[in-house]
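Below: the structure, in structure tokens.
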């Protein structure tokens, strides 16, 4: 059977909190990732891939199910998945694929929440440990000695080695790294002892932002713990000096964890190439969301700002996807992964899936549009840990509108405190670092109202409910009226009636 007749293998490598701007293929100025970059060198780099809820658990659920958080039910870190939902993996298995997942699951544990639709699963418990991780399987829990990134790769390759027959396989390799508290192994410790470049926005004072940015407990200067830093700052540093010292310590460990991931991605690529399977494997490298690497003075994610919103996505399958130097720049979301994978192997998506396949853009129609705007919603109203309050919004190629509704109404454990809703608007062409909120600028008044209609429209089409405090856009009598324009957005796709 020729490579074009045989359905491709599927390899999805998912890391945790790996920002695109810490990957060489994306032009990183803080580190090198030569093995991860090999995927882009053999395929395509996707530049505008965005998550629809910048948290580990919800993003993983959206990737699997091809649905938004409000549909799959996984809205926060505390809402486990109903694992019986249809996923791209369950569809692949039904069509004859051997399916496996190794590594971080983080969508609940126990009956109804353990992985389903997989022939083989061996996953970390909850967040998992960096050293000697606990591995949960159908047979129970065991401790596997070693460093988690190596262990996950070892177990993944063991499963691939065990496969017999010619049926294609789908393997999800889900690494814990580089998640907090950023514990590198001995091999990579100290790799980044030289001064690491500091982002230009490190000293952002949030002057034009809403109060949500001011309240957020994610500042490197103030909110990294001794567990994060592993040692106390030297004595005698003033506030600014201590902030820069903490940034260097944070980044040294974060990037060392990434270096281990890079080595282990290389191990998997080498395994595929040694067996002649690389060309016929749809290999995807991504992370569950972005991450602040000192940008705006922060670590962590959650906010709709681009450093948190943007996911890395490198894709190769040389027998089907021709390498090109220019990136794919259309708007893609994590909700689209499931349908794209199914499209790539010739399967129809489950009717419940809400994304759109970008397989044509990867193969035969590189210029084909995807969607004019993407929808984002962060449900957690965290008034305990990171203080990143609930918000949603839309992002187009050029602009971003965010509504901080703040009070988390209707969510389990929602904060009893209520803060007034606030809007932010950014012109990403004039202000790519999102420093200047132009919501109140009269020059943007008309655009602002148009984006509000787009927001309302996407909420209606994606079956999400606007927060009760969200005002109806001026002149909009009902959500149905928003969808009556000649050009409508349907499930995130642009169609003409």
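Residue numbers (UniProt numbering): 1 to 497. Backbone N, C-alpha and C define an ideal beta-carbon position, used for all residues, glycine too. Since the structure is predicted, the reported quantities are computational estimates derived from the model, not experimental observations.
query, result
"CB contact flag (residue 425, residue 455, <7 angstroms)", "no"
"Integer-rounded CB distance, given that residue 405 should sit under 8 angstroms from residue 319", "About 47 angstroms separates the two Cβ atoms, so there is no contact after all."
"Distance between residue 116 and residue 167 (C-alpha atoms, nearest Å)", "20 angstroms"
"Contact between the segment 292-308 and the segment 60-71 (3+ Cβ pairs under 8 angstroms)", "no"
"The alpha helix (DSSP H) enclosing residue 188, as first and last residue numbers", "First-last for residue 188: undefined, no H or E at that position."
"Alpha-carbon spacing of residue 106 relative to residue 429, whole angstroms", "36 angstroms"
"Exposed unless 16 or more other CB atoms sit within 10 angstroms - verdict on residue 259", "buried"
"Span separating the alpha-carbon of residue 253 from that of residue 5", "45 angstroms"
"Within 7 angstroms, strictly: CB atoms of residue 14 and residue 174", "yes"
"Three-state secondary structure assigned by DSSP to residue 281", "strand"
"Assigned secondary structure, residue 19 (DSSP; H/G/I helix, E/B strand, else coil)", "coil"
"Reduced DSSP category for residue 169 - H, G, I as helix; E, B as strand; rest coil", "strand"
"Distance CB(residue 155)-CB(residue 101) smaller than 7 angstroms", "no"
"Cβ-Cβ distance between residue 201 and residue 450 below 7 angstroms", "no"
"Entirely enclosed beta strand (DSSP E) segments - the segment 107-179, minimum 3 residues", "120-124, 134-137, 140-143, 169-174"
"Residue burial classification, residue 246 (beta-carbon count within 10 angstroms, cutoff 16)", "buried"
"Euclidean distance between Cα positions of residue 59 and residue 53", "6 angstroms"
"Nearest-angstrom Cβ-Cβ length linking residue 508 and residue 354, presumed shorter than 8 angstroms", "What is shown of the chain runs 1 to 497, which leaves residue 508 out entirely."
"Sequence-distant residues of its chain with Cβ nearer than 7 angstroms to residue 275 (five each side left out)", "none"
"Helix, strand or coil at residue 374 according to DSSP, with G and I counted as helix", "strand"
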